[in-house]
Every structure is written in structure tokens, then in C-alpha cells.
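Comments concern the structure below.
In my numbering, the protein residues as written are 3 to 562.
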């Protein structure tokens with residue numbers, strides 16, 4: 003069918019074969035014939051690296067078998083399939099790399115609205131509220147903040163589209179997509195880094211949400227106040243009622259997660275719009291109380307004029323990108339469910355530029371109204387709700403922001419480590435087990451102590467966070483410039499040395515060599531006081547250096 007050793011030849015055979023899952027042992031006569039064919043293919047392979055031998059439609063009675071071998075790499079795959087191969091695995095796949103949760107999706111069902119709802123859940127939180135308000139307190143005019151916000155979120159939109167494509171096209175989660183760049187085993191490096199960051203923030207977000215819940219409970223049941231005293235009723239730094247609130251939120255999130263991605267999709271489809279409804283009601287109420295003429299959008303006053311505003315605006319742009327850097331890196335965990343890349347892009351557009359702009363405006367209006375209503379500027383939405391005199395409004399607001407925090411925690415900090423830790427040992431750790439490992443670990447790190455100690459956060463999460471930019475830079479440059487936007491899905495799951503992503507013992511050393519120095523330099527920007535001016539740009543510095551270093555090491559070695 004193809005040339006072999008410079009001569010055109012055609013080999014076509016009809017043979018009586020009967021194979022069982024146990025392989026050759028079912029029929030000694032067939033076993034001999036199979037060995038004969040194998041020796042023939044192996045002989046051809048020795049003479050030509052571009053041989054092809056094809057045997058089709060072999061019959062014995064009603065039994066049919068079909069074999070194909072293309073190139074010398076076909077023989078090891080065939081041997082793996084017949085010699086002790088797990089019948090539950092696709093042919094050639096390794097149980098060191100594959101389970102049902104990490105497998106390529108056959109049915110991708112998420113439309114643009116589901117992606118839009120994902121971003122609503124990610125943005126609509128107490129942290130998102132405070133962050134959006136802080137942008138309007140940088141000393142810029144409101145229109146300068148809006149311009150910076152639009153540029154920043156526009157960049158996030160573009161970067162999310164770029165990182166989404168490989169996972170959407172192949173239907174694989176973030177850690178599996180990383181195998182193409184870091185190697186099928188080396189991908190555990192970016193997976194574990196992202197997983198550890200998610201574990202820490204999962205615990206912190208759960209603690210913050212439970213604290214808001216506890217504040218509301220104490221307002222209505224003041225008799226429980228003694229149990230909020232950590233010195234009398236405390237354990238490892240958290241009061242008894244604090245533990246009750248934390249574990250309640252912990253269990254609620256675990257229940258949603260345990261029901262699987264379909265339940266998570268339904269939850270975020272509901273949570274995002276629900277939070278918006280309450281946010282608009284709260285903003286309307288606060289404007290009515292304050293009077294629209296008494297509301298200004300410049301929360302901290304205008305401090306910069308002329309050319310002085312340029313570096314501040316650039317800083318604001320960088321802060322927006324940095325804020326989304328975590329979920330942006332592992333966005334492939336969700337884009338893999340997209341029906342099409344077009345649906346993912348549409349969902350990103352509505353969920354990022356449109357949604358973030360609307361949420362920011364509602365936030366700053368509500369925050370600005372607290373000054374004339376309460377006599378002080380309040381940036382915490384839970385405290386704002388707590389100041390309202392109507393008990394029903396307080397309960398509704400507290401529940402809303404609790405739901406919002408659960409939403410962001412699940413999409414940003416629960417799903418990610420579930421895939422990441424499952425990727426480390428797919429045979430032993432399922433997606434659910436990986437998520438629960440992260441949830442349990444979030445208790446043992448005592449996130450309340452972590453959150454209340456800025457130095458600890460600075461020396462742990464900031465260092466881990468310095469890897470996010472370099473990881474993104476290496477992944478994007480490899481997929482678009484080195485591999486020209488192409489992935490071999492089957493090679494993502496094989497430990498065969500002939501696999502495209504085996505590299506050297508399963509690790510792409512060039513990717514690791516590019517990642518480490520870029521991350522070190524990004525970390526120095528955060529940790530060294532004399533480089534404090536570069537700290538707000540550490541993501542861009544890390545991503546740029548990671549891409550440059552990887553291009554110098556591997557850019558000229560194009561994928562075949």
C-alpha cells in the first residue's frame with residue numbers, strides 16, 4: 003500500500019482468526035499466525051521507518067478481526083493491548099494517566115450561558131465586591147478607572163480564550179492539557195502548584211463566608227455571643243461558633259461538589275443571576291436612602307492629574323489581570339465542557355467584559371451610598387447589609403453573599419484541585435476523591451490563622467502565585483508557536499516511549515527549565531523590598547519571561 007525500502011508493494015491477506023480478551027491463548031493455530039504476522043511487520047519496520055502493513059476483514063465463520071500497523075510505533079501499542087492490557091482502558095492508554103474523570107469528553111454540552119454563569123459565580127463574591135470597589139479608590143477619576151477596567155478585563159477575555167482552546171478542542175481538563183507541554187508525567191508539576199494554591203484559598207474563602215454568616219447569626223441570637231470568644235470556647239484559633247459556621251459551609255460545598263459537574267453547572271446557573279438580583283435591589287435601596295445627588299463614583303477622591311495618571315492606570319490594568327490569574331490558568335477545566343469554541347468565546351465575552359463592568363458599577367454605587375447613609379465608607383457588603391434595619395433584608399443579604407462565596411469557591415478552588423490531584427495518580431484518585439482531599443486539607447491548614455497572618459500569606463501564597471504567570475507563558479507559547487495549535491489526544495494518555503509527549507522519562511525538561519527561573523524572578527519582584535514597584539506586575543513579568551525562556555530552549559524545535 004505504501005513504499006517499503008524504496009519498492010512499491012501491496013500486501014493483502016484474508017485469514018481465519020479468533021481472538022478473546024485473553025489474547026493468543028484461545029487458539030494455538032491463530033497464535034502462531036499472529037506471531038508470524040508480527041515478525042513480518044517487525045522486519046518491515048527495521049528496513050523502513052515509513053512502512054505500512056494492513057490486514058483487513060479476516061473471517062472464520064462469523065468472526066471478524068481487523069488489524070492495522072503504521073510505522074514501527076504500532077507494534078508496542080499492539081503488544082500493550084494484548085499482553086495484560088486492562089480491557090476497561092482504551093487501546094494504548096496507561097492507567098498511570100487515565101481514569102474516567104480525566105478522559106476526553108464525548109459529549110460537550112455547555113453553551114455560552116453556562117460559561118457566562120461560570121464567570122458570574124467567579125466575580126460575584128465578597129472578595130470581588132471589595133476588589134471592584136478598590137479600583138475606584140486609586141485616586142483616579144471615574145472615567146479613568148472605567149477605561150483601565152475595560153482594558154484589563156479585555157486582556158483577561160483574550161487570555162482566557164487562548165488558554166481555553168486546547169482543552170475545548172480535545173475535551174480534556176487543565177492538567178491533562180499540560181501533558182503536551184510538560185510531558186505526561188511532568189504535568190504533575192503545574193497541576194500540584196495550581197492545586198496547592200486552590201486548597202489554601204478554598205479554606206480562606208470558606209472561613210470568610212462562615213464569618214459573615216456568624217456575624218448575622220450573632221445579630222439575631224446575641225445569647226450565643228459567649229461562644230464566639232476564642233479564649234473560652236476556642237480550638238486552634240477558632241471559636242466554637244466559628245467552627246460551627248465553618249463546618250456548615252464546608253459541608254454545603256462538599257454536598258454540591260459530590261453531586262458532580264452537572265450539579266455544579268446547575269448551581270452556578272442559579273447562583274450568578276440570583277446574586278445579581280439581590281445586588282441590584284441593594285443598590286436601588288441604598289440610592290433611595292442616600293439620594294442620587296449625594297452619590298459620587300470617586301470613592302477616594304482624585305489624587306492624580308495629567309501624565310501622573312498613566313502609571314496608576316497601568317497598575318489598575320495589571321491588578322485586574324492578576325485578580326483573575328488563578329481561574330484563568332485552569333479555565334480549561336471548564337472550557338472542556340463547551341459545545342464549541344465559539345460558544346466558549348461568547349460566554350467569556352458576556353461573563354468577563356460585560357459582567358465585570360456591570361458588577362463593578364453596581365458595587366461602586368452601593369459603596370458610595372454608604373457614606374451619606376451610614377456616615378462612613380463601607381467596602382464590605384456583609385457589613386453594609388448588617389447595617390440595614392430590616393431583619394428580612396439582613397437575612398436575604400447574608401444568604402446571598404454566602405451563596406456567592408460558595409459559587410466562587412467551587413468553581414475556582416474546588417474543581418481545580420479535584421482534577422489536579424486526580425492527575426497525580428489517576429488509578430487511585432478519582433475526581434471526587436481529589437476534591438475531597440483538597441477540602442480536608444483546607445481544614446488542617448487552619449485558614450483563619452493563615453488569613454490573620456499577612457506575613458504567612460506573603461511567604462506562601464505569594465510565592466506559589468508567582469508560578470502562575472510563568473506557567474501560563476510556557477503553556478501558551480508551546481501550544482500556539484511550538485505545536486502550532488495541534489494536539490494528539492491519544493498521546494496524552496500513553497507512557498510509550500514513542501509517544502509525542504513522553505519527552506525524557508515522561509518530562510519535558512525544557513519546559514521545567516523555562517518555568518523555574520521565570521518563577522524565581524517573578525517571586526523576587528514580590529519578595530524583595532527594593533523591587534516593590536514591580537510587585538503589581540509580577541504576573542506579566544513571569545508570563546513574559548516564561549514564554550521567552552521556553553522559546554529560547556524549544557521554540558526552534560517545531561512539533562511534527
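Note that beta-carbon positions come from the ideal geometry of N, C-alpha and C, so glycine has one too.
Inter-residue spacing [alpha-carbon to alpha-carbon] between residue i and residue j
i	j	result
residue 142	residue 500	57 Å
residue 394	residue 480	54 Å
residue 331	residue 529	22 Å
residue 387	residue 310	36 Å
residue 90	residue 283	53 Å
residue 376	residue 370	11 Å
residue 44	residue 427	For residue 44, the predicted model reports a pLDDT of 42, less than 50, meaning its position is unreliable and no value from the coordinates is stated.
residue 401	residue 411	15 Å
residue 421	residue 224	42 Å
residue 147	residue 307	13 Å
residue 222	residue 455	30 Å
residue 496	residue 384	50 Å
residue 188	residue 518	13 Å
residue 201	residue 269	21 Å
residue 49	residue 498	Note that residue 49 has pLDDT 40, beneath the 50 cutoff, so the model's placement of it is unreliable and the number below is only indicative. About 22 Å.
residue 556	residue 193	21 Å
residue 163	residue 239	42 Å
residue 357	residue 121	8 Å
residue 250	residue 485	46 Å
residue 237	residue 445	12 Å
residue 488	residue 516	21 Å
residue 303	residue 379	12 Å
residue 279	residue 212	22 Å
residue 42	residue 492	Note that residue 42 scores 43 on pLDDT, short of 50, meaning its location in the model is unreliable and no value can be drawn from it.
residue 465	residue 525	6 Å
Run of the alpha helix (DSSP H) containing residue i, from where it starts to where it stops
i	result
residue 263	263–292
residue 495	Segment: none, residue 495 is in no alpha helix (DSSP H) and carries neither H nor E.
residue 186	Per DSSP, residue 186 belongs to no alpha helix (DSSP H) and is neither H nor E.
residue 110	Careful: residue 110 lies outside any alpha helix (DSSP H) and carries neither H nor E.
residue 541	540–552
residue 385	383–388
residue 486	Per DSSP, residue 486 belongs to no alpha helix (DSSP H) and is neither H nor E.
residue 525	511–529
residue 449	449–453
residue 244	242–260
residue 131	128–137
residue 472	470–479
Beta carbon of residue i nearer than 8 Å to that of residue j
i	j	result
residue 467	residue 191	no
residue 160	residue 137	no
residue 214	residue 229	no
residue 417	residue 195	no
residue 374	residue 292	yes
residue 288	residue 381	no
residue 207	residue 407	yes
residue 175	residue 104	yes
residue 415	residue 203	yes
residue 114	residue 348	yes
residue 301	residue 139	yes
residue 185	residue 508	yes
residue 182	residue 494	yes
residue 322	residue 158	yes
residue 478	residue 541	no
residue 423	residue 441	no
residue 277	residue 126	yes
residue 353	residue 539	no
Contact with chain B by residue i, beta-carbon distance below 8 Å
i	result
residue 514	In the structure shown, chain B cannot be found, because there is only a single protein chain.
Nearest candidate by alpha-carbon position, reference residue i, set the options
i	options	result
residue 318	537, 92 and 548	537
residue 172	108, 403 and 130	108
residue 297	400, 469 and 286	286
residue 512	392, 135, 551 and 121	551
residue 209	301, 404 and 516	404
residue 338	101, 110 and 324	110
residue 154	362, 476, 553 and 453	362
residue 436	452, 419 and 304	419
residue 247	473, 235 and 216	216
residue 315	149, 471, 258 and 281	149
residue 112	99, 144 and 271	271
residue 218	433, 397 and 197	397
residue 294	281, 280, 354 and 372	372
residue 205	504, 450, 502 and 533	450
residue 98	425, 234 and 448	425
residue 244	220, 502, 334 and 177	220
field: Complete alpha helix (DSSP H) runs within the stretch 314–366 (minimum length 4 residues, chain order)
entry: 327–331, 334–337 and 343–351
field: Ordered list of alpha helix (DSSP H) runs contained in the stretch 153–225, each at least 4 residues
entry: 176–184 and 190–222
message: Quick check for students: name the residue ranges of the alpha helix (DSSP H) that lie wholly in the stretch 413–445, counting only runs of 4 or more.
response: 417–426
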